[in-house]
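In the numbering used here, the protein residues as written are 58 to 188.
Only one structure is covered here, and it is reproduced in the block below.
So, in structure tokens, the structure goes:
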């Protein structure tokens with residue numbers, strides 16, 4: 058099937074639009090309820106039509122997009138970007154989420170996980186001196 062066909066499966070379209078790396082990941086996301094078509098939870102075999110509204114949750118990010126072209130073939134990223142139109146509100150919300158996550162990472166005093174033995178000794182020394 059090429060561009061402009063009447064119907065395409067949701068999982069194939071998500072894969073062709075490069076929103077998921079593999080078709081099986083796209084199918085799992087649809088099965089898990091992370092993709093809604095026109096406000097409803099659907100199965101991976103659901104056929105998409107032009108103008109359908111999709112809400113896609115992937116981790117902390119949420120995309121609200123409208124289907125502008127249909128394709129079941131994965132092409133270049135520029136071709137994939139033509140398959141959908143993201144709302145300005147969705148784009149702004151995602152950018153704010155990215156900024157919030159960056160700020161949270163910088164505020165975390167232990168980004169590498171548990172402190173090492175040396176770091177733990179320094180922490181104990183610091184608290185012992187302040188008591």
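Glycine included, each C-beta is placed from N, C-alpha and C at the ideal position.
In this text the structure is predicted, and so the values were computed from the model without any measurement.
With a cutoff of 8 Å on beta-carbon distance, residue 134 and residue 75 are scored as near each other. Annotation: the continuous beta strand (DSSP E) that includes residue 142 extends over 141 to 143. Within the DSSP secondary-structure output, residue 104 pairs in a beta bridge with 66.
Within the DSSP bridge table, the entry for residue 98 names 93 as partners. Collapsing the DSSP output to three states places residue 111 in a strand.
The segment 117 to 128 makes contact with the segment 146 to 162, as at least three CB pairs between them are under 8 Å.
The C-alpha of residue 96 lies about 15 Å from the C-alpha of residue 88.
Taking all protein chains shown into account, residue 73 has 16 or more neighbouring C-beta atoms within 10 Å of its C-beta and is therefore buried.
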